[in-house]
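These notes concern the structure reproduced below.
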Amino acid sequence: MADQTAPDILAGLLDIQPDEAQRLLDRFAGGMTAELLDRSRLSVDGLGAFSVVHEQPVRESGSDGTRYLPPRNRVEFTPRPKGSGDTVAIASARLDMATDEARRFAQALAATFGKLLANAGGFELRGFGSFSIESGKYRFEPDPSLESLLNTGYDGLKTIVIPERTDGAPESKAHEGSALLKPVALMLLVLLLLAGSWFLYRHYTSSIPEVVSAPAQATVVPVVEKMVEPPVQAERPETDSFLLRKGRYTVIAATFSSKSGAMQERQRLARLGHRTWFWEVTSDGRRYYRLALGDFATRRAALDSMKSMPKGLPKHSYIEQAYKNFVLYGEQEL
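Read in order, the letters of the sequence shown are residues 1 to 334 in full-length UniProt numbering.
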C-alpha cells in the first residue's frame with residue numbers, strides 16, 4: 001500500500017473525507033501565515049517553532065566587484081516534534097473553531113505530523129511551505145508567496161553591483177581627485193542603504209494589519225490572476241449597504257480582527273479596482289470584519305467573477321454562502 005499523505009492521515013483521525021481534510025490543512029496554513037505576519041512568531045504542536053528574522057543589507061566583495069545585497073525578512077524554523085504549541089489558539093482565533101473542536105483538531109494534526117515523521121514522509125502546507133525529512137527531523141522550505149508577503153516593505157530593492165577597475169593603467173593626476181571620492185561615495189551608498197532599509201522595515205512592521213483566516217464553512221479557492229473573459233456582473237445594488245440573502249454567495253477577500261485593519265485593506269483593494277463591503281461576524285464574544293465582493297446566485301457565478309476580477313486579491317480569498325440573511329455595509333454605515 002502506498003504511503004499515506006497528510007490529508008489521508010488527518011481524515012482518518014477526524015473521521016472525515018480526505019478532500020475535507022485537505023481544506024482544513026489549507027485553512028490552517030492560511031492561519032499560520034496570518035499569525036506569522038501579525039506576531040512574527042508561532043509554534044505548532046508536534047511540528048516546531050517559526051519566527052521572522054530580519055537581515056540587514058550585506059556587502060560582498062568578489063572578482064566582479066562589490067555587491068550590496070538589500071535587506072530582507074526570512075523565516076527561521078526550529079523542529080520540535082515532541083513540543084506543544086499554538087495550534088489550539090490558531091484554530092480558535094483564525095479558523096473560528098469552538099474550543100473542543102480546536103483541541104481535537106490540534107491533537108489529530110500533531111498525530112499526523114508524528115506519523116509522517118516516523119514514515120519519513122514529507123508534506124506541504126499550501127501557501128506556507130513544504131517539509132521534508134533530514135537526519136530524522138523536519139526541514140522547512142518556505143513558500144515563495146510567504147516570503148513575498150514578509151518582504152512587502154522591500155519590494156523593488158535590487159542588488160547593487162559596483163565593478164572593479166580592470167585596465168590596470170595608472171591614473172593621471174587629473175583623476176586623483178575622483179579616485180579619492182570613491183571611498184566616500186561607497187560609504188554614502190552604504191549609509192543610504194542602511195537608512196532606507198531601517199525606514200522600510202519600521203514602516204512594514206507597523207503597517208501590517210491583523211489578518212485572520214476564513215471561518216470553518218469556507219472553501220478555499222485559488223485566485224487566478226490571469227485575465228480571461230470580461231467580468232461577470234455581480235448582482236449587487238449601488239447603495240452603501242445591501243442585504244445578502246440566505247442561500248446566495250459572495251467572495252470573501254479577507255477577514256480581520258480590527259476595524260482599522262479591514263478599512264486599510266479595503267482602501268488598498270479600492271485602488272486596484274475592487275469594490276468591497278464589510279460583513280461583521282461574531283465568534284466567542286469577539287467581533288471580526290470580513291471584506292466581501294459581490295452578490296451571486298450560484299457558486300459558479302462567484303467563481304467566474306473571481307477569475308476575471310482585477311489583480312490584487314489576497315491569496316486565500318474564498319467563496320462563502322450565506323446561511324441566513326446578512327446586511328453588508330459600506331464604510332459610511334459601518
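Beta carbons are placed, not taken as given, at the ideal position from N, Cα and C, and that holds for glycine. For clarity, every value in this text was computed on a predicted model and none was experimentally measured.
task: Can you tell me the Cβ-Cβ gap for I16 and T112, rounded? I've got them flagged as a contact below 8 Å.
output: One-based indexing of the sequence shown puts residue 16 at position 16. One-based indexing of the sequence shown puts residue 112 at position 112. The Cβ separation is near 13 Å, so there is no contact.
message: Considering only the alpha carbon of each residue, which of Q107, E20, S258 and S257 lies closest to K82?
response: Within the sequence shown, residue 82 is the residue found at index 82, counting from 1. Taking only the C-alpha atoms, the option nearest K82 is Q107.
field: Per-residue DSSP class, three states only, for Y323
entry: As a first step, residue 323 must be located in the sequence shown, where it is residue number 323. Looking at Y323 - three-state DSSP - the assignment turns out to be coil, as it is neither helix nor strand.
- prompt: Which residues in the same chain have their Cβ closer than 6 Å to the Cβ of H175, if we skip the five residues on either side of it in sequence?
  reply: On the sequence shown, residue 175 is found 175 positions in, with the first residue counted as 1. Residue placement at H175 is poorly supported in this model, since its pLDDT is 44, which falls under 50; the coordinates still yield a value, given next. Result list for H175: empty, nothing under 6 Å.
query: When burial is assigned at 16 or more other CB atoms within 10 Å of the CB, is L42 buried or exposed?
result: As a working mapping, residue 42 is identified with position 42 in the sequence shown. With 16 or more other Cβ atoms from the protein chains shown falling within 10 Å of its own Cβ, L42 counts as buried.
query: Does the beta-carbon of P163 have 16 or more other beta-carbons within 10 angstroms, so that it is buried, or is it exposed?
result: Residue 163 sits at position 163 when you count from the first residue of the sequence shown. Classification for P163: exposed.
- request: Could you check which residue in R290, R271, V281 and A297 has the C-alpha nearest to that of P310?
  value: Counted from its first residue, the sequence shown places residue 310 at position 310. Measuring from the Cα of P310, the nearest candidate turns out to be R271.
query: Do you know how far the Cα of R266 is from the Cα of Y289?
result: The residue you call residue 289 lines up with position 289 of the sequence shown. The residue you call residue 266 lines up with position 266 of the sequence shown. When rounded, the distance between both Cα atoms is 11 Å.
- prompt: By Cβ distance, which residues of its chain are closer than 7 Å to G121, with the 5 residues on each side in sequence left out?
  reply: As a working mapping, residue 121 is identified with position 121 in the sequence shown. So the list reads D3, once near-sequence residues are dropped.
message: With a threshold of 8 Å, are at least 3 pairs of Cβ atoms found where one atom belongs to the region 290 to 297 and the other to the region 272 to 281?
response: yes
task: Drop a sphere of 10 angstroms on the beta-carbon of Y249, count the other beta-carbons inside from all chains shown, and report buried for 16 or more, exposed for fewer.
output: Position 249 of the sequence shown, counted from the start, is the residue given in the question as residue 249. Buried, because 16 or more other Cβ atoms sit within 10 Å of the Cβ of Y249.
field: Proximal residues to K246 (C-beta, below 6 Å), its chain only, five neighbours per side dropped
entry: On the sequence shown, position 246 is the one that residue 246 refers to. Spatial neighbours of K246 in its own chain (CB-CB distance under 6 Å, excluding positions within 5 residues in sequence) are listed in chain order as A322, K324 and N325.
task: Could you check which residue in A118, R299, K158 and V75 has the C-alpha nearest to that of G129?
output: Along the sequence shown, one-based indexing puts residue 129 at 129. Closest option to G129, Cα to Cα, is V75.
- prompt: So, are the CB atoms of T87 and V44 less than 7 Å apart?
  reply: Taking the first residue of the sequence shown as 1, we reach residue 87 at position 87. Taking the first residue of the sequence shown as 1, we reach residue 44 at position 44. Against a cut-off of 7 Å, the Cβ pair of V44 and T87 comes out as a contact.
task: Using beta-carbon positions only, say whether A21 and P7 come within less than 7 Å of one another.
output: Translated into positions along the sequence shown, residue 21 becomes position 21. Translated into positions along the sequence shown, residue 7 becomes position 7. Yes.
- request: Please list, in chain order, all residues of the same chain as T78 whose beta carbon is under 7 Å from its beta carbon, the five residues on each side excluded.
  value: One-based indexing of the sequence shown puts residue 78 at position 78. Correct list, in chain order: G48 and A49.
field: For A254 and L303, the rounded distance between their alpha carbons
entry: Walking along the sequence shown from the start, residue 303 turns up at place 303. Walking along the sequence shown from the start, residue 254 turns up at place 254. Looking at the two C-alpha atoms, the distance is approximately 16 Å.
- request: Report the partner residues of Y138 according to the DSSP bridge assignment.
  value: Taking the first residue of the sequence shown as position 1, residue 138 is located at position 138. Paired residue(s): I133.
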